[in-house]
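Note sheet for the following structure.
In this note's numbering, the protein residues as written are 395 to 717.
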């Protein structure tokens, strides 16, 4: 599954092409990609066609585009301020979903599911295409609701205190300017679980998946089974700082792409997989230990039906560890 850096790469690509443009028409080539829009393809088209994309917003791994409906011609007199968007086009990338900006001359992709045609933009592609090989992702229209803390809904060019309804239950992520370490730490201390399990809890901190949890914990020098209720404040700060650092490094590299399914809006893969220190490196030397002359190999262990990668020397397992 794409994690926060991969989704943020897509957001940054989309906002420069979509913001302020109108969706002029919609082609639904495979209705299965609209299954999350429970009222069906015709209602989806009716909500999206003619609407203008106001922004592209992300919280954690959730991505949405607030839409402003076409307005009726105004009567004579002062021009009222535009109303805040009430709905958004939400994209769920799933295992293989891609949002690609393409010119009409580019042949359709093999797994193209939905095409949005856009109003002309100087030097800009005129189509947003949703491509999905495995059909686990999809598009749907959702309501925008007020945030519970009165802050911006997520990372955006013009933040407003509205959030897509389907994302309202998740916490802020480490790259969100409104992220509160104090709130995170107070909630963390109340948990009686392992540190990695807590990092994967989207209700506590969003956007951290398996790859970046392992990388953040390696940078912080902490084992995934460290009990959260015993974690010192300085250690919690270090974990969040490392999570932020590793995600920013991944963003600079275009995200982590292990295959051709995870790409940016131009179809290019990221290359952060070349910089991984823990994840996927079973049996390979720990870079930190090797730098000081210690021979230690990365270890892989089963964790919540997936894998965790740690260094047994610089990330020692706690005696009273928890999963």
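By construction, the Cβ of each residue, glycine as well, lies at the ideal position given by its N, Cα and C atoms. Being a predicted model, the structure only gives us computed values, none of them experimental.
Inclusion of residue 605 and residue 593 in the CB contact set at 7 Å is not warranted, their separation being larger than that value.
If you look at residue 506, you'll find it isn't in any alpha helix (DSSP H); it sits in the beta strand (DSSP E) that goes 506-512. Taken in chain order, the unbroken stretches of beta strand (DSSP E) that lie wholly in the stretch 400-484 and span 3 residues or more are 417-422, 451-453, 456-462. A straight-line Cα-Cα distance of about 46 Å links residue 608 and residue 464. The DSSP-derived three-state label of residue 709 is coil. Put simply, of 709, 527, 556 the residue whose alpha carbon is nearest the alpha carbon of residue 461 is 556.
Relative to the Cα of residue 610, the nearest Cα in the group 636, 597, 529, 624 belongs to 636. Residue 531 has its alpha-carbon roughly 24 Å from the corresponding atom of residue 568. In the structure shown, the three-state DSSP call for residue 623 is helix. Taking the C-beta atoms as reference points, residue 620 is found nearer than 7 Å to residue 589. Counting every other CB atom within 10 Å of its CB across the protein chains shown gives residue 669 a total below 16, marking it as exposed. Taking every protein chain shown into account, the CB of residue 441 has 16 or more other CB atoms within 10 angstroms, so this residue is buried. Residue burial is scored here from C-beta neighbours: residue 571 has fewer than 16 other C-beta atoms within 10 angstroms and is therefore classed as exposed.
Between residue 598 and residue 558, the C-beta spacing is not below 7 Å. For the set 411, 529, 401, 503, the Cα lying nearest the Cα of residue 449 is the one of 411. Per DSSP, reduced to three states, the secondary structure at residue 551 is coil, with no helix or strand assignment.
Counting the other CB atoms within 10 Å of its CB gives residue 402 a total of 16 or more, which places it among the buried residues. Cβ atoms of residue 497 and residue 511 stay farther apart than 8 Å, at about 11 Å. The shortest C-alpha to C-alpha distance from residue 687 to any of 679, 693, 694 is the one to 679.
Following the DSSP letters along the chain, one finds residue 557 inside the beta strand (DSSP E) bounded by residues 556-558.
Measuring C-alpha to C-alpha distances from residue 708 to each of 439, 445, 618 identifies 618 as the nearest. With 16 or more other CB atoms across the displayed protein chains lying within 10 angstroms of its CB, residue 399 is buried.
For residue 527, the closest alpha carbon among the candidates 548, 454, 503 is that of 503. Within the same chain, Cβ atoms closer than 7 Å to the Cβ of residue 552 are found at 449, the five residues on either side in sequence being excluded.
When 508, 417, 478, 616 are compared, the shortest CA-CA separation from residue 491 is found for 508.
Pairing residue 421 with residue 575, the inter-Cα distance amounts to about 44 Å. Excluding sequence positions up to five before and after residue 579, its CB lies within less than 7 Å of the CB of 627, 630, all in the same chain and listed in chain order.
Around the beta carbon of residue 455, 16 or more other beta carbons sit within 10 angstroms, so the residue counts as buried.
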